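Engineer: In our numbering, the protein residues as written are 29 to 68. Positions of the beta carbon are idealized from the N, C-alpha and C atoms, including for glycine. Note that the coordinates shown come from a computational prediction; the quantities given were computed from them, not determined experimentally.
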Amino acid sequence: MTVYATLCFLLRGDEVLLIRKKRGFGAGKYNGVGGREGEG
Numbered sequence: 029m030t031v032y033a034t035l036c037f038l039l040r041g042d043e044v045l046l047i048r049k050k051r052g053f054g055a056g057k058y059n060g061v062g063g064r065e066g067e068g
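1) Taking the beta strand (DSSP E) that L46 falls in, what are its first and last residues?
2) Is it the case that the Cβ atoms of L39 and N59 are separated by a distance below 9 Å?
3) Please report the distance separating the alpha-carbon of F53 from that of G41.
4) If I measure Cβ to Cβ from I47 and keep anything under 8 Å in the same chain, skipping five residues before and after, which residues do I get?
5) Classify T34 as helix, strand or coil using the three-state DSSP reduction.
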């Protein structure tokens, strides 16, 4: 099964927009913005 996913790093000048994961693997860690694409 193939899973398609995205991971983006949004930049403005010398700043990078990151999110802090609330649950699951890596909870409490910072990450880029992204996700998985659903079937259909």
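Structural biologist: Let me spell this out:
1) For L46, there is no enclosing beta strand (DSSP E), as DSSP gives it neither H nor E.
2) For the pair L39 and N59, the CB atoms are not nearer than the 9 Å cut-off.
3) Rounded to whole angstroms, F53 to G41 spans 30 Å at the Cα level.
4) These residues qualify, in order along the chain: Y58, N59, G60 and V61.
5) In this structure, DSSP gives T34 an extended state, which the three-state scheme calls strand.
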